[in-house]
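Heads up, the thing below is written out as structure tokens.
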Amino acid sequence: MSTVIAKNGNYTISSSFGTSVMEGTISGKSQGAGASLSFQIDQVTPVYKSFYWEVQPVTGSTQDFWSDFFSNVVGGEPADQFALSGFGTTASVVLNADSLKESDETFRISFYRSALDPHNGVAPEISATFTVIDDDSKYVIPVIRGGQQSYEEPTKYSGPVSYLQYQFLGSASAEVVAGGDANDFFNLLGGDDAANGGGGNDVLDGGTGSNFLTGGAGHDVFFLDGRGGTTTWATITDWEAGEELSIWGWHPGVSKATWVDNAGAAGWTGVTMHGDLDGNGTIDTSVTWAGMTRAQLPSPFEFDGLLWFK
1 MSTVIAKNGN
11 YTISSSFGTS
21 VMEGTISGKS
31 QGAGASLSFQ
41 IDQVTPVYKS
51 FYWEVQPVTG
61 STQDFWSDFF
71 SNVVGGEPAD
81 QFALSGFGTT
91 ASVVLNADSL
101 KESDETFRIS
111 FYRSALDPHN
121 GVAPEISATF
131 TVIDDDSKYV
141 IPVIRGGQQS
151 YEEPTKYSGP
161 VSYLQYQFLG
171 SASAEVVAGG
181 DANDFFNLLG
191 GDDAANGGGG
201 NDVLDGGTGS
211 NFLTGGAGHD
221 VFFLDGRGGT
231 TTWATITDWE
241 AGEELSIWGW
251 HPGVSKATWV
261 DNAGAAGWTG
271 VTMHGDLDGN
281 GTIDTSVTWA
291 GMTRAQLPSP
301 FEFDGLLWFK
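Right, dumping it as structure tokens:
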């Protein structure tokens, strides 16, 4: 599957990996190591049969394409000024992973009509940048947004929960994210999202919309917030004994819960609670425990502002 990474009037550039790829030297993060990264130029109106393409470094270190670039030196030593180049409508480079802690590396691929164009200062027909993310020194997670996958670096967690290490905040778009072995806090905000905490003890909040939450290994906490005036529905796919769910906006004596033995999205049905938080007869928030029955759930504790399953 290819992803369009650049587009202008008559041309598009697609890549086999999106706009970023992990270098791939840490266990479980082997996306890029030894992989052939391919690019393709397409024309809306066919004009040319072949192009001269060139890949050049923009920022960061250069070792990740060292062996490829070695025989394509342009005016300097390898890792100084160089370019990987070729002819055709497709380009392919091999990512050589290393174990160095280094900055992320950004490269530009450009398609020209002639091999002389870049040396004569002629602008390319189209160009695009892509990034090799160094996983030797950074914690990165895969994110799918708008049908395109990239790898993004969560920020350090700075909230009140002492064991959390990283946090990732989503957007108004639909997103799919997956954590690694760290203790993560995910809040995916708007859109219909999916989050998998992976390893570690995670806190997962799908935000508004209909969201699928998978804790993964470890002791996980799930958040569901019905206070924003927008209906929310969370499907917890792998609830385990001892895990926690906090439903924010609950008020004892006002809020009401309706239980359904089996509801939810096809393939993920289970016991479901619908919550009318302000007592006006309208459902504000719902939660489905996929594959579970009510007898398997703990009895919740009621607080002003919170219904807590533990």
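Just so we're aligned: the sequence shown equals residues 1 to 310 in the working numbering. Just so it is clear, CB atoms sit at the ideal spot from N, CA and C, and this is done for glycine as well. Remember, it's a predicted structure, so these values are computed and weren't measured experimentally.
Less than 8 Å separates the beta-carbon of residue 210 from that of residue 192. A buried status is given to residue 255, since no fewer than 16 other beta-carbon atoms sit within 10 Å of its beta-carbon. Of all alpha-carbon atoms in 55, 50, 8 and 18, the one lying nearest the alpha-carbon of residue 44 is that of 8.
Here the segment 113-121 does not lie against the segment 139-159, with fewer than 3 beta-carbon pairs under 8 Å apart.
Residue 38 places its beta carbon less than 8 Å from that of residue 16. The C-beta separation of residue 230 from residue 263 comes to about 20 Å, leaving the pair out of contact by the 8 Å criterion. Shown here, residue 120 sits in a helix according to DSSP, grouped into three states.
For residue 43, the three-state secondary structure derived from DSSP is strand.
For residue 219, no beta strand (DSSP E) encloses it, and the DSSP letter there is neither H nor E.
Rounded to whole angstroms, the Cβ separation of residue 305 and residue 250 is 7 Å, and the two are in contact under 8 Å.
The segment 179-187 makes no contact with the segment 49-57: fewer than 3 CB pairs, one atom from each, lie closer than 8 Å. In this structure, the CA atom of residue 113 is about 30 Å from the CA atom of residue 104. Contact between residue 109 and residue 128 holds, since their C-beta atoms are separated by about 6 Å, short of 8 Å. Going by beta carbons, residue 196 and residue 178 fall inside the 8 Å limit. Of 261, 268 and 267, the smallest CA-CA separation from residue 274 is found for 261.
Residue 135 places its beta carbon less than 8 Å from that of residue 24. Excluding its 5 nearest sequence neighbours in each direction, residue 107 has C-beta neighbours in its own chain below 8 Å: 55, 56, 57, 58, 65, 129, 130, 131 and 132, listed in chain order. Using a Cβ distance threshold of 8 Å, residue 222 and residue 189 do not count as a contacting pair.
Nearest to residue 148 by C-alpha distance, out of 121, 176 and 159, is 176. Within the same chain, 259, 261 and 271 come within 8 Å of residue 294 by CB-CB distance, once the 5 residues on both sides are set aside. By the 16-neighbour rule on beta-carbons within 10 angstroms, residue 161 is exposed. One alpha carbon belongs to residue 95, the other to residue 243, and they sit about 41 Å apart.
Cα atoms of residue 297 and residue 91: separation of roughly 54 Å, rounded to the nearest angstrom. Taking C-alpha positions only, residue 303 is separated from residue 290 by approximately 25 Å.
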